[in-house]
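Worksheet: the structure to be examined is printed underneath.
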Amino acid sequence: MGSGRHVGSSVGQTSRMSLWRAVLSECVRLKRSPLIALHLACGLIAGVACGAYFGVAPWDPRLGTDAFVQLIGALMPLMVAIVCGLDVDGEREASGLANLLAVPSRRIALAARVLVLWLLGFIAVAVALGSFSVVLGAFGRDGFSAGVYARSAVGMAAGSLVLYVVSVWLTLALGRNAAIGVGAAGLACALFAVGGLAHGLVTGELTAASSGVLGYVPFAWAERLGSLLVELGLAADAGLRAVIWQLEVTSVLTLAVTAIALIALLAWVGSFEEGRRGE
Numbered sequence: 001m002g003s004g005r006h007v008g009s010s011v012g013q014t015s016r017m018s019l020w021r022a023v024l025s026e027c028v029r030l031k032r033s034p035l036i037a038l039h040l041a042c043g044l045i046a047g048v049a050c051g052a053y054f055g056v057a058p059w060d061p062r063l064g065t066d067a068f069v070q071l072i073g074a075l076m077p078l079m080v081a082i083v084c085g086l087d088v089d090g091e092r093e094a095s096g097l098a099n100l101l102a103v104p105s106r107r108i109a110l111a112a113r114v115l116v117l118w119l120l121g122f123i124a125v126a127v128a129l130g131s132f133s134v135v136l137g138a139f140g141r142d143g144f145s146a147g148v149y150a151r152s153a154v155g156m157a158a159g160s161l162v163l164y165v166v167s168v169w170l171t172l173a174l175g176r177n178a179a180i181g182v183g184a185a186g187l188a189c190a191l192f193a194v195g196g197l198a199h200g201l202v203t204g205e206l207t208a209a210s211s212g213v214l215g216y217v218p219f220a221w222a223e224r225l226g227s228l229l230v231e232l233g234l235a236a237d238a239g240l241r242a243v244i245w246q247l248e249v250t251s252v253l254t255l256a257v258t259a260i261a262l263i264a265l266l267a268w269v270g271s272f273e274e275g276r277r278g279e
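full-length UniProt numbering puts the first residue of the sequence shown at 1, with every later residue one more than the last.
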């Protein structure tokens with residue numbers, strides 16, 4: 001009877017632990033974390049600084065917008081790795097990962113953690129693009145509507161979810177340094193995928209649409225999806241068809257691989273043992 005009551009209680013706890021409640025719990029936890037202020041500050045500084053630069057630089061402001069989006073997207077593999085590494089290692093030092101592992105459902109707890117960190121990244125991207133648009137507009141050089149910046153932010157957010165999944169996974173399994181090392185390699189990959197940030201400015205080429213095989217590596221997806229949604233407003237005729245084709249292919253690839261990676265992470269965490277990390 002006692003065993004039956006214990007099993008029933010455990011099942012009841014699991015059923016009461018919904019993803020929504022876990023997300024709310026994560027939001028409460030973040031109130032005591034510097035991550036919110038860090039994301040807002042980084043987004044604002046990047047947007048204001050780059051907006052001021054392209055406001056006075058001789059480049060076409062629309063190509064400048066594309067270059068800025070590519071800069072933010074290229075930085076995301078490293079920045080995501082740093083944020084996830086700091087967050088998960090902080091949890092490890094504070095509680096031995098109890099809030100992720102010693103709960104009725106590890107999968108729900110981890111999914112909520114990834115989701116909230118991803119939403120913070122989305123907010124930072126939105127702040128960066130919004131402040132960039134405002135500052136660039138203050139110089140009378142804004143060539144895009146607010147809708148272009150909004151859809152670009154959504155594209156970068158969609159392309160970055162897989163980065164959060166992989167970075168959290170690496171930090172849990174191998175530690176923060178491994179995740180940051182992979183993130184640094186991802187930054188280089190994203191930069192090479194578009195031929196460098198200045199390439200499009202100098203040549204006028206739509207570099208997200210013309211990127212080679214590196215453009216299909218997950219590290220470049222946030223950069224490419226954000227940039228392709230800007231280049232929709234720049235392309236014409238054959239160039240427009242190329243942008244649309246690349247956008248469709250990259251979107252499908254991103255959706256499929258992100259779903260597979262998330263399912264794999266949630267399946268893996270069920271058998272993860274903190275004491276065996278890195279073995």
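We treat Cβ as the ideally placed atom computed from N, Cα and C, and that holds for glycine.
Remember, predicted model here, so these are calculated numbers, not experimental data.
What residues in its chain sit with their C-beta under 6 Å from that of residue i, if we drop five residues either side in the sequence?
{"i": "residue 46", "result": "128"}
{"i": "residue 195", "result": "207"}
{"i": "residue 143", "result": "61, 62"}
{"i": "residue 69", "result": "152, 226, 227, 230"}
{"i": "residue 141", "result": "55, 61"}
{"i": "residue 78", "result": "183, 184, 187"}
Excluding the five sequence neighbours on either side, which residues of its own chain have a C-beta within less than 7 Å of the C-beta of residue i, listed in chain order?
{"i": "residue 171", "result": "84, 85, 88, 89, 179"}
{"i": "residue 267", "result": "none"}
{"i": "residue 106", "result": "100, 269, 270"}
DSSP on residue i, reduced to helix/strand/coil?
{"i": "residue 271", "result": "coil"}
{"i": "residue 259", "result": "helix"}
{"i": "residue 234", "result": "coil"}
{"i": "residue 221", "result": "helix"}
{"i": "residue 107", "result": "helix"}
{"i": "residue 92", "result": "helix"}
{"i": "residue 250", "result": "helix"}
{"i": "residue 169", "result": "helix"}
{"i": "residue 205", "result": "coil"}
{"i": "residue 264", "result": "helix"}
{"i": "residue 97", "result": "coil"}
{"i": "residue 281", "result": "No information on residue 281 is available, as it lies outside the stretch 1 to 279 that the chain covers here."}
{"i": "residue 150", "result": "helix"}
If the criterion is Cβ atoms closer than 8 Å, does the pair residue i and residue j meet it?
{"i": "residue 239", "j": "residue 261", "result": "no"}
{"i": "residue 23", "j": "residue 116", "result": "yes"}
{"i": "residue 242", "j": "residue 214", "result": "no"}
{"i": "residue 158", "j": "residue 254", "result": "yes"}
{"i": "residue 42", "j": "residue 126", "result": "no"}
{"i": "residue 132", "j": "residue 51", "result": "yes"}
Excluding the five sequence neighbours on either side, which residues of its own chain have a C-beta within less than 8 Å of the C-beta of residue i, listed in chain order?
{"i": "residue 244", "result": "232"}
{"i": "residue 110", "result": "100, 168, 265, 266, 269"}
{"i": "residue 257", "result": "162, 218"}
- [ ] Evaluate contact between the region 143-163 and the region 225-241, counting only Cβ atoms and requiring at least three cross-stretch pairs below 8 Å.
- [x] With the cut-off at 8 Å, the region 143-163 and the region 225-241 touch.
Task: the region 96-107 in contact with the region 235-253 per 3-pair CB rule at 8 Å - done: no
- [ ] State whether the region 105-123 contacts the region 51-60, with contact taken as three or more CB pairs (one from each stretch) at a distance under 8 Å.
- [x] no
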